[in-house]
Amino acid sequence: MNNPSRRTLIKTLVAGAAAAPAAALQASSPGERHPSHRSAWAKGIEGQRKADLGNGTYLNPIIAGDHPDPTILKDGDDYYMTFSSFFSYPGLVIWHSTDLVNWAPIGPALTKALGTIWAVDLCKHQGRYYLYIPANPNEQGWSIYVVWADHIEGPWSEPIDTQIRGCIDPGHIVGEDGKRYLFVNGIRKVRLTDDGLRADGPVEAAYQPWRYPADWVVENFAPEGPKLLRRGEWFYLVTAVGGTSGPPTGHMVIAARSHSIHGPWEHCPSNPLVRTRSAAEPWWSRGHATLVEGPAGDWWMVYHGYENGFRTLGRQTLLEPIEWTSDGWFRALGGDLSKPLRKPRGGKPSRAGFALSDDFSTNKFGVQWSFHDPAPSDMQRVRYDGKALVLQAKGSSPADSAPLTCAVGERSYVAEVSLDLSGGAEAGLLMFYNHKAFVGVGFTATTMKTYEFSQEQQWMRVAVNASSVRIRVSNDENVITYHYSFDEGRTWQLNGLRMEVSGMHHNVFGGFISLKIGIYCAGEGSVRLRNFTFAGTSA
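The sequence shown begins at -8 in our numbering and counts up one residue at a time.
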């Protein structure tokens, strides 16, 4: 992708997403983890952690927060990556980098709701970009959909059902016969039509994955996430096994190779190539990897993992160096991922991250804001009104409100927003996992409500008399404190209940997602959102 006009457009889109300048990077490298599992990292925009340490090294994660199942594409001098977006719409945000360490979003590839979205695959074939999307619309059964675009920034097509039923985790590859194939969970394969939009044959067994010893502590066997690469005379198949959640030691990366995509496949003698071996390690459940060539020809592995003690942040994106060995296999070189690693050679640093603070003067849906599990009509609930976003009410409480959500990657942070109520609405600020797992504070014109254990604590009700309120949430390593102000933050009052939320994650509530900042509006009428501010406060 060397077209100057397109490169300029991508830079413009990325700069728009990252509207605030990055803070100065810390010059010193982080030391080893101590028992509290704190790490030093470079502070980026608004105090958010930044992988690039500014001294030729980086510290994982390369993208903090809930960015699981990474699929990465090298396209000339540019790299693009996207992730499972599950119930968030707009979704499948495309991220861009030129050095594999600094990443910034371009925009969403999917706006039409398809239910929950699991591990996708981004690829390019004959000049066109494709995203293969496992989805379960209306819980009527899984199928793999595809969207395509002639330019990575879009526009992307409407979703097309490939008619590949009951499958997830697609991985695209062109075989030695020139035909296109998807490998899926199992590990199975299906031939595609030449345009890549439909199945052109049955789903059939492709590979019996390597099995770990029976006494290893894993979630389940679960062969999934096949990603394929052709290098030299070999096709390489990189697979996840062991389960993406469950025990910290469960997930892992294995590999196989073959001279043909039809097999036979031989197991890598060094399997597993990546695995968390102890709950004392900084990153848990590491797996779902893709290999990618760096700017100067060195090689890397991108995968996800849970941060020790912070499952609430979801599965975050990790980068580890690999090397090809003389026998034609590869091995991981990262070692202790709590320590800085040398950046990929030859890459020109690109923009990293974006500001979460939002004056609501521009539309940031699909980059920062999304609805959780929305109805097709939910985007009609929002409109921009000067430097404000007006959100129409839905449901009777946070439990059925389809809130706006904002994913974060910090262990500790402070966020505030001003709410102007009208028409009998109830609105508030949440820490939201799903409709069965949230805490927060809400207001009507006459009452402050406190939500814990996903229900209102009526004994905490406080009488008020105001239609405008500013709410602050402070998250100090999973301990949540709320304040509220009726004079735009000049004076603050403490909500009387502090909440501990470290258990709000997939192992407890399912869904594979993360704990996000949420803003809801229920009842009748609407709420006008003003001046959302965010600051990372992690040590």
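Ideal Cβ positions, reconstructed from N, Cα and C, are used throughout, including at glycine. As the structure is a computational prediction, the values presented were derived from the model and not from experiment.
Where Asn127 is concerned, there is no enclosing beta strand (DSSP E), because DSSP gives it neither an H nor an E. Of the candidates Gly157, Asn498 and Asn354, the residue whose Cα lies closest to the Cα of Gly98 is Asn354. For His87, the enclosing beta strand (DSSP E) covers residues Gly82 to Ser88. Comparing alpha carbon positions, the residue from Thr48, Lys34, Gln307 and Phe429 closest to Lys330 is Thr48. Counting of Cβ neighbours within 10 angstroms places Val499 among the exposed residues, the total staying below 16.
When the alpha-carbon of Gln383 is set against those of Ser517, Gly431 and Gly415, the nearest one is in Ser517. Your pair Arg277 and Gly254 does not check out as a contact, with CB atoms roughly 27 Å apart and the cut at 8 Å.
With distances taken between CA atoms, Glu167 lies nearest to Leu220 out of Asp206, Leu220 and Arg202. Sequence-distant Cβ neighbours of Val455 in its own chain, meaning closer than 6 Å and more than five residues away, are Met439. Nearest in C-alpha terms to Thr435, of all of Ala428, Ala100, Asp185 and Gly415, is Gly415. With respect to Ser403, Thr303 sits apart: the two C-beta atoms are not nearer than 7 Å. In this structure, Asn466 and His474 do not form a Cβ contact; the two beta carbons are roughly 13 Å apart against a cut-off of 8 Å. Apart from sequence neighbours up to five positions away, the residues of its chain that approach Asn176 with a beta-carbon distance below 6 Å are Ile159, Asp160 and Glu215, ordered along the chain. If you draw a 10 Å sphere on the C-beta of Gly223, you find fewer than 16 other C-beta atoms in it, and that means exposed. Apart from sequence neighbours up to five positions away, the residues of its chain that approach Ala457 with a beta-carbon distance below 6 Å are Phe477, ordered along the chain. DSSP, reduced to helix, strand and coil, places Phe78 outside both helices and strands of the structure shown, so it counts as coil. Using a 10 angstroms sphere on the CB of His496, the tally of other CB atoms reaches 16 or more, which defines it as buried. When C-beta atoms of the segment 83 to 95 are compared with those of the segment 335 to 345, three or more pairs fall below 8 Å, so the two segments count as touching.
In terms of Cβ geometry, Ile36 and Gly305 do not form a close pair [threshold 7 Å]. Apart from sequence neighbours up to five positions away, the residues of its chain that approach Pro200 with a beta-carbon distance below 7 Å are Ile178, Pro214, Thr230, Val232 and Ile245, ordered along the chain.
The secondary-structure analysis by DSSP pairs Thr102 with nothing; it has no beta-bridge partner.
One thing to note: Asn469 has its Cβ within 7 Å of the Cβ of Ser493. Contact holds between the segment 98 to 109 and the segment 69 to 86, because three or more Cβ pairs, one in each stretch, are under 8 Å apart.
Within the segment 159 to 221, the complete beta strand (DSSP E) segments of 3 residues or longer fall at 162 to 165, 171 to 175 and 179 to 182, listed in chain order. Excluding five sequence positions before and after Val358, the CB atoms of its chain that fall closer than 8 Å to its own CB belong to Ala8, Val84, Pro96, Gly98, Pro99 and Phe345, given in chain order.
Contact annotation, Ile108 with Ala126: C-beta distance approximately 5 Å; criterion of less than 8 Å satisfied.
Here DSSP, grouped into helix, strand and coil, assigns Gln383 to strand.
Here the C-alpha atom of Ala270 lies approximately 14 Å from the C-alpha atom of Leu328.
DSSP places Phe500 inside the alpha helix (DSSP H), whose first and last residues are His497 to Phe500. With contacts defined by Cβ atoms closer than 7 Å, His58 and Thr308 form a contacting pair.
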